[in-house]
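Participant: Quick note, the working numbering runs 4 ahead of the 1-based positions in the sequence shown. For every residue, glycine included, the Cβ atom is placed at its ideal position computed from N, Cα and C.
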Amino acid sequence: MKTILVMAVTLALLTGLCANSQVTPSLQLDPSVAWGKPVDGLVVGISCDTSVTNSRSLSNISFYVANVGDHDIGNIIQGDERCILIVNGQNYAQYGQRSGGKSTWIPPGRKYGPIPIDTRKYRRIPETTASPTLQDLDNAPIPSLKAGTNNVSVYYIRGFKMGDKVVQSGETKIFVK
Numbered sequence: 005m006k007t008i009l010v011m012a013v014t015l016a017l018l019t020g021l022c023a024n025s026q027v028t029p030s031l032q033l034d035p036s037v038a039w040g041k042p043v044d045g046l047v048v049g050i051s052c053d054t055s056v057t058n059s060r061s062l063s064n065i066s067f068y069v070a071n072v073g074d075h076d077i078g079n080i081i082q083g084d085e086r087c088i089l090i091v092n093g094q095n096y097a098q099y100g101q102r103s104g105g106k107s108t109w110i111p112p113g114r115k116y117g118p119i120p121i122d123t124r125k126y127r128r129i130p131e132t133t134a135s136p137t138l139q140d141l142d143n144a145p146i147p148s149l150k151a152g153t154n155n156v157s158v159y160y161i162r163g164f165k166m167g168d169k170v171v172q173s174g175e176t177k178i179f180v181k
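1. Can you list, in chain order, the residues of its chain with a C-beta nearer than 8 Å to that of Thr28? Leave out the 5 residues immediately preceding and following it.
2. Please confirm whether Ser66 and Pro118 have their CB atoms less than 9 Å apart.
3. Can you find the residues in the same chain that come closer than 7 Å, C-beta to C-beta, to Asp122, ignoring five residues on each side of it along the sequence?
4. Which residue wins for smallest C-alpha separation from Gly174, given the options Ile129, Gly152 and Ile90?
5. Which of the three DSSP states, helix, strand or coil, is assigned to Asn155?
6. Using only alpha-carbon positions, find the residue among Tyr160, Lys177 and Val170 that is nearest to Tyr68.
7. Look up Arg86 in the DSSP assignment and say whether it is helix, strand or coil.
8. Go to Ile146, then tell me how far its beta strand (DSSP E) extends in each direction, as first and last residue.
9. Please state if the CB of Val56 and the CB of Val150 are separated by a distance shorter than 9 Å.
10. Can you tell me the Cα-Cα spacing of Arg127 and Ser36, whole angstroms?
11. With Thr54 as the anchor, note down where its beta strand (DSSP E) starts and where it stops.
12. Grab me the residues of Ile110's own chain with a C-beta within less than 6 Å of its C-beta, minus the 5 sequence neighbours each way, in chain order.
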């Protein structure tokens, strides 16, 4: 009788372990981050150190990437050179040569960030594309805030070549006194 009971408990434990091994790990997304909608399992978020400021300069902004899907996601670069910043409806991208950075994989249930965005490197671009170009660098404005409420979000460019997917974050608001 004892042997049957031990076998039943062992079988129950093994069955539970096998069932759990197929479950995607759950990911708790920080509610203080403005998360966008997932695209093929990849979700992008944006955060700011402050929601109220006296300064018109845009600083202390970070983005996050997370895998909420059920498969690995490749070609993820943990750097702001893959971002297009949207400030009050205007698009900004980094100027100069993009290094591309080192890519990595994100397994299901994994999150990277905060990854700082250096807004001093950004200049206004005409449209949101996976390969933004800057026509007149000397006259292209840098991102700045206006008095009142400002809406800020980021597009993350996934991959390395033209036509790669652009994944949008949620929107955060910054109030300038």
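Facilitator: Let me lay it out:
1. Here Thr28 scores only 43 on pLDDT, less than 50, and its place in the model should not be relied on; the value that follows carries that caveat. Excluding sequence neighbours, Thr28 sits near Gly73, Asp74, Pro112 and Gly113.
2. yes
3. Asp84
4. Ile90
5. strand
6. Tyr160
7. helix
8. Where Ile146 is concerned, there is no enclosing beta strand (DSSP E), given that its DSSP letter is neither H nor E.
9. According to the sequence shown, residue 150 is Lys rather than Val. Going by C-beta atoms, Lys150 is not nearer than 9 Å to Val56.
10. 27 Å
11. Run containing Thr54: none; DSSP gives neither H nor E here.
12. Asn71, Ile77 and Ile80
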